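Visitor:
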Amino acid sequence: MADTNQSIHGEWSSRFAFILAATGSAVGLGNIWKFPYITGENGGGAFVIVYLICVAAIGIPIMIAETMMGRRGRQSPINTLKSLTEEAGGHTHWHYLGWLGVIAGFLILSYYSVIAGWSMAYVIKAFTGSFSGESATQISSMFSDLQASPLQQTFWHTIFMVATMAVVARGVKGGLEKAVRFLMPGLFILLMLLVAYAMTTGAYLQGLEFLFKPDFSELTAASVLTAMGHAFFTLSLGMGAIMVYGSYLPKNISIAKTAIMIAGADTLVALLAGIAIFPIVFSNGLEAGSGPGLIFETLPIAFGSMTGGGLFGILFFVLLVFAALSSAISLIEPAVAWCVEHYEVERKQACIGMGFVTWLLGMGTVFSFNEWSDVTIFGANFFEALDYLTANLMLPLGGLFIALFAGRIMLAKDSKDELDLGNDTLFDVWRFLVSYVAPAAVFIVFLNVLGVFGIFS
13 MADTNQSIHG
23 EWSSRFAFIL
33 AATGSAVGLG
43 NIWKFPYITG
53 ENGGGAFVIV
63 YLICVAAIGI
73 PIMIAETMMG
83 RRGRQSPINT
93 LKSLTEEAGG
103 HTHWHYLGWL
113 GVIAGFLILS
123 YYSVIAGWSM
133 AYVIKAFTGS
143 FSGESATQIS
153 SMFSDLQASP
163 LQQTFWHTIF
173 MVATMAVVAR
183 GVKGGLEKAV
193 RFLMPGLFIL
203 LMLLVAYAMT
213 TGAYLQGLEF
223 LFKPDFSELT
233 AASVLTAMGH
243 AFFTLSLGMG
253 AIMVYGSYLP
263 KNISIAKTAI
273 MIAGADTLVA
283 LLAGIAIFPI
293 VFSNGLEAGS
303 GPGLIFETLP
313 IAFGSMTGGG
323 LFGILFFVLL
333 VFAALSSAIS
343 LIEPAVAWCV
353 EHYEVERKQA
363 CIGMGFVTWL
373 LGMGTVFSFN
383 EWSDVTIFGA
393 NFFEALDYLT
403 ANLMLPLGGL
413 FIALFAGRIM
423 LAKDSKDELD
433 LGNDTLFDVW
443 RFLVSYVAPA
453 AVFIVFLNVL
463 GVFGIFS
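In my numbering, the protein residues as written are 13 to 469.
1. Considering only the beta carbon of each residue, do PRO451 and LEU412 sit closer than 8 angstroms?
2. Run through DSSP, which three-state label would ASP15 get?
3. Apply the 10 Å Cβ neighbour rule to GLY374 and answer buried if 16 or more other Cβ atoms are within range, or exposed otherwise.
4. Give the DSSP-derived three-state secondary structure of TRP24 in the structure shown.
5. Excluding the five sequence neighbours on either side, which residues of its own chain have a C-beta within less than 7 angstroms of the C-beta of ALA181, listed in chain order?
6. Measuring CA to CA, which of LEU280, VAL281, LEU284 and PHE315 is closest to GLY297?
7. Taking the DSSP output, what are the residues bridged to GLY201?
8. Buried or exposed: GLY103, going by 16 or more other Cβ atoms within 10 Å of its Cβ?
9. Count the other CB atoms, across all protein chains shown, that sit within 10 Å of the CB of ASP15; report buried if there are 16 or more and exposed otherwise.
10. On the criterion of 16 or more Cβ atoms from any shown chain inside 10 Å, does LYS46 qualify as buried, or is it exposed?
11. Which stretch, first to last residue, makes up the alpha helix (DSSP H) that contains GLU430?
12. Using a Cβ-Cβ cutoff of less than 8 angstroms, which residues in the same chain neighbour GLY71 once the five nearest sequence positions on both sides are dropped?
13. From what residue to what residue does the alpha helix (DSSP H) around ASN54 run?
14. Quick one: residues in its chain with C-beta nearer than 6 angstroms to the C-beta of SER469, no 5 flanking neighbours on either side, listed in chain order?
15. Could you spell out the range, first to last residue, of the alpha helix (DSSP H) harbouring GLU309?
16. Flag this pair as yes or no: are the beta carbons of PHE44 and LEU331 separated by less than 8 angstroms?
17. Could you tell me which of PHE290, PHE455 and ALA33 sits nearest to GLY57, measuring between CA atoms?
18. Between which two residues does the alpha helix (DSSP H) harbouring GLY102 extend?
19. Over what stretch of residues does the alpha helix (DSSP H) that includes GLY410 continue unbroken?
20. Give me, in chain order, the residues of the same chain whose beta-carbon lies closer than 6 angstroms to that of LYS94; leave out the 5 immediate sequence neighbours on both sides.
21. Do SER338 and LEU202 have their CB atoms nearer than 8 angstroms?
22. Residues in the same chain with beta-carbon distance under 8 angstroms from PHE394, minus the five sequence neighbours each way, listed in chain order, please.
23. Less than 8 angstroms between the C-beta atoms of ALA453 and MET240, yes or no?
24. Cα separation between ILE90 and LEU343?
25. Excluding the 5 residues flanking PHE59 on each side, which residues of the same chain have their C-beta closer than 8 angstroms to its C-beta?
26. Excluding the 5 residues flanking MET318 on each side, which residues of the same chain have their C-beta closer than 7 angstroms to its C-beta?
27. Please list, in chain order, all residues of the same chain as GLY22 whose beta carbon is under 8 angstroms from its beta carbon, the five residues on each side excluded.
28. So GLU146 is in the alpha helix (DSSP H); what residue range does that whole segment cover?
29. Would you mind sorting SER26 into buried or exposed? The rule is 16 or more other CB atoms within 10 Å of its CB.
30. Which residue wins for smallest C-alpha separation from ALA336, given the options GLY101, ILE115, ILE127 and GLN87?
31. Buried or exposed for PHE368, going by 16 or more other Cβ atoms inside 10 Å?
32. Which value, in whole angstroms, describes the spacing of the CA atoms of ILE171 and ILE292?
33. Is the Cβ-Cβ distance between ILE254 and GLU78 less than 8 angstroms?
34. Around the Cβ of GLY204, are there at least 16 other Cβ atoms within 10 angstroms (buried) or fewer (exposed)?
35. Using the beta-carbon count (16 or more within 10 Å), is LEU462 buried or exposed?
36. Taking 8 angstroms as the threshold (C-beta atoms), are PHE324 and LEU206 in contact?
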């Protein structure tokens, strides 16, 4: 495959632009919403150490592989896998891996948009002082009322999808790059403001101790698997986003160094979120392990009772919206890129079409909390079934097959040429990790998800 290949969609203007975009894709509700609550549920510091090891040993090698495949193919994930399979002389069935990622990202965005809409609604609630002086029961009812209202959820879901497609429609440099140049610095500034506030709560050291002082007696086999799974999912791997962003990466930029920087920035955001959130939780006598409701039902109690809570409540939920938007634009980009290539339509037309279909599917999530709450698929409502299908089945499979394809199907000389590590030992270490260690780890997570290992449940 010619090294001079260029994507018809354009290129990032610099390595920094790619780092911002890929970090934006990785940083999302998973870092600021999910990481703190699963850390709280799994004992804190020991869980964090396992998570960091998994990012280094599993996440980074697969990110390097997915970025490399994207840059070598220079197309949407679907067409990239077709061309790379032909180049490697692999079985034609491998090109379905591209479809798996694109469909997974598309499905995830359909419900991700609804959850992001909750964050937008909570910005307004924080701005109007809705949390002030409210009891835990009243805060919980506030969230229940939002979920019970199809009209409110549809409004915010629509606003978020329109904002997402408006960015994507403007292309690589005019839309994606400009958006992340604003969103990512803004996200870090907001996080640092919240960390600065956490330092004044009186429970700052308690929060740091919980997050960074390991107590391995709190660690279970299930905790290790949770850390492994989250390290993989938080980097946006297996859904086509990193692959399509890699296709816009100029040839002269080091993939390995860039992937390490992206993983580092993503991990830093997750840790900063924990540093900001746990002192607020502890200083208000709340439970660190309160589960998924930590953000929408637990923290608002703190914001409603603490000094300056109104301002910091606004900042926190604006931060959530920023994180959600930076991820959302990467989730839909693979599908839009494929539409442009396959149907030879303008990007704006592809955005309107894919955006509408995504919005329409998202209505299933909206109704799953109210009108369709009694409708179940294998015992789960529409949202729960979609979340399980994508996060627990499609993404692990995508990551597993990306690792196998990069490590065992692509020719070593092609991988070495694309990565250009300048050191055969480093290349051999990467190839071993991506060929054996990462697939084995992802496979174990996948089996656990399916309930094969009853001892971990």
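Note that beta-carbon positions come from the ideal geometry of N, C-alpha and C, so glycine has one too.
Bear in mind that the values here come from a model prediction, so they are computed numbers and not experimental data.
Guide: Looking at the coordinates:
1. Here residue 451 refers to the residue found at position 439 of the sequence shown. Here residue 412 refers to the residue found at position 400 of the sequence shown. The answer is yes: Cβ separation under 8 angstroms.
2. The residue labelled residue 15 in the question sits at position 3 within the sequence shown. Note on ASP15: pLDDT 47, under 50, position unreliable in the model; the coordinate value appears next. Correct three-state label for ASP15: coil.
3. Counted from its first residue, the sequence shown places residue 374 at position 362. By the 10 Å Cβ count, GLY374 comes out buried.
4. Position 12 of the sequence shown holds residue 24. It is coil, neither helix nor strand.
5. As a working note, residue 181 is residue 169 in the sequence shown. Excluding positions up to five away in sequence, the list reads GLY187, ARG359, LYS360 and CYS363.
6. Here the question's residue 297 lines up with position 285 in the sequence shown. Nearest of LEU280, VAL281, LEU284 and PHE315 to GLY297, Cα basis: PHE315.
7. For the purposes of this step, residue 201 is identified with residue 189 of the sequence shown, where counting begins at 1. Note that residue 201 is Ile in the sequence shown, not Gly. Beta-bridge pairing by DSSP links ILE201 to no other residue.
8. Within the sequence shown, the letter at position 91 stands for residue 103. Note on residue identity: the sequence assigns His, not Gly, to residue 103. Exposed.
9. One-based indexing of the sequence shown puts residue 15 at position 3. Reliability fails at ASP15, whose pLDDT of 47 lies under 50, so the model's placement of it is uncertain and the value that follows must be treated cautiously. Result: exposed.
10. Translated into positions along the sequence shown, residue 46 becomes position 34. With 16 or more Cβ atoms within 10 Å of its Cβ, LYS46 is classed as buried.
11. Along the sequence shown, one-based indexing puts residue 430 at 418. Run containing GLU430: 424 to 431, per the alpha helix (DSSP H) assignment.
12. By 1-based counting over the sequence shown, the position of residue 71 is 59. ALA243, PHE244, THR246, LEU247, LEU249 and ALA275, listed in sequence order.
13. As a position in the sequence shown, residue 54 is number 42, starting the count at 1. Premise fails: ASN54 is in no alpha helix (DSSP H) and is neither H nor E.
14. Along the sequence shown, read from residue 1 onward, the residue named residue 469 stands at position 457. Here the model assigns SER469 a pLDDT of 45, short of 50, so the residue's position is not dependable and the matter cannot be decided.
15. Start at 1 with the first residue of the sequence shown, and residue 309 comes out as number 297. Neither: GLU309 is in no alpha helix (DSSP H) and is coded neither H nor E.
16. Working through the sequence shown from its first residue, we reach residue 44 at position 32. Working through the sequence shown from its first residue, we reach residue 331 at position 319. This sequence places Ile at residue 44; Phe is not what is there. Result yes, Cβ atoms of ILE44 and LEU331 sit closer than 8 angstroms.
17. Within the sequence shown, residue 57 is the residue found at index 45, counting from 1. Considering only alpha carbons, the answer is PHE290.
18. Taking the first residue of the sequence shown as position 1, residue 102 is located at position 90. No alpha helix (DSSP H) holds GLY102; DSSP gives it neither H nor E.
19. Within the sequence shown, residue 410 is the residue found at index 398, counting from 1. Counting along the chain, the alpha helix (DSSP H) containing GLY410 begins and ends at 407 to 416.
20. Stepping through the sequence shown from its first residue, residue 94 is reached at position 82. Excluding sequence positions up to five before and after LYS94, its CB lies within less than 6 angstroms of the CB of HIS107, all in the same chain and listed in chain order.
21. For the purposes of this step, residue 338 is identified with residue 326 of the sequence shown, where counting begins at 1. For the purposes of this step, residue 202 is identified with residue 190 of the sequence shown, where counting begins at 1. With respect to LEU202, SER338 sits apart: the two C-beta atoms are not nearer than 8 angstroms.
22. Translated into positions along the sequence shown, residue 394 becomes position 382. Excluding residues within five positions, the ones whose Cβ falls inside 8 angstroms are GLY376, THR377, PHE379, SER380, TRP384 and VAL387.
23. Along the sequence shown, one-based indexing puts residue 453 at 441. Along the sequence shown, one-based indexing puts residue 240 at 228. Their beta carbons are under 8 angstroms apart, which means ALA453 touches MET240 by this criterion.
24. The sequence position of residue 90 within the sequence shown is 78, counting from 1. The sequence position of residue 343 within the sequence shown is 331, counting from 1. Cα atoms of ILE90 and LEU343: separation of roughly 14 angstroms, rounded to the nearest angstrom.
25. Working through the sequence shown from its first residue, we reach residue 59 at position 47. For PHE59, where only same-chain residues beyond five positions count, the Cβ hits under 8 angstroms are ILE50, THR51, GLU230, LEU231, SER235, THR238 and ALA239.
26. The sequence position of residue 318 within the sequence shown is 306, counting from 1. Within the same chain, MET318 has close Cβ partners ASN296.
27. For the purposes of this step, residue 22 is taken as the residue at position 10 of the sequence shown. GLY183, VAL184, LYS185 and TYR260, listed in sequence order.
28. On the sequence shown, residue 146 is found 134 positions in, with the first residue counted as 1. No alpha helix (DSSP H) contains GLU146, which DSSP labels as neither H nor E.
29. As a working mapping, residue 26 is identified with position 14 in the sequence shown. Counting Cβ neighbours within 10 Å, SER26 comes out exposed, since fewer than 16 surround it.
30. By 1-based counting over the sequence shown, the position of residue 336 is 324. Looking at the Cα atoms, ILE127 is the closest of the given residues.
31. Stepping through the sequence shown from its first residue, residue 368 is reached at position 356. The Cβ neighbour count for PHE368, taken over all protein chains shown within 10 Å, is under 16; the residue is labelled exposed.
32. For the purposes of this step, residue 171 is taken as the residue at position 159 of the sequence shown. For the purposes of this step, residue 292 is taken as the residue at position 280 of the sequence shown. Whole-angstrom Cα-Cα distance: 30 angstroms.
33. Residue 254 sits at position 242 when you count from the first residue of the sequence shown. Residue 78 sits at position 66 when you count from the first residue of the sequence shown. Taking a C-beta distance under 8 angstroms as the contact criterion, ILE254 and GLU78 qualify as a contact pair.
34. As a first step, residue 204 must be located in the sequence shown, where it is residue number 192. The sequence shown places Met at residue 204, rather than the Gly named in the question. So MET204 counts as exposed.
35. Translated into positions along the sequence shown, residue 462 becomes position 450. Exposed: under 16 other Cβ atoms inside 10 Å.
36. One-based indexing of the sequence shown puts residue 206 at position 194. One-based indexing of the sequence shown puts residue 324 at position 312. Yes.
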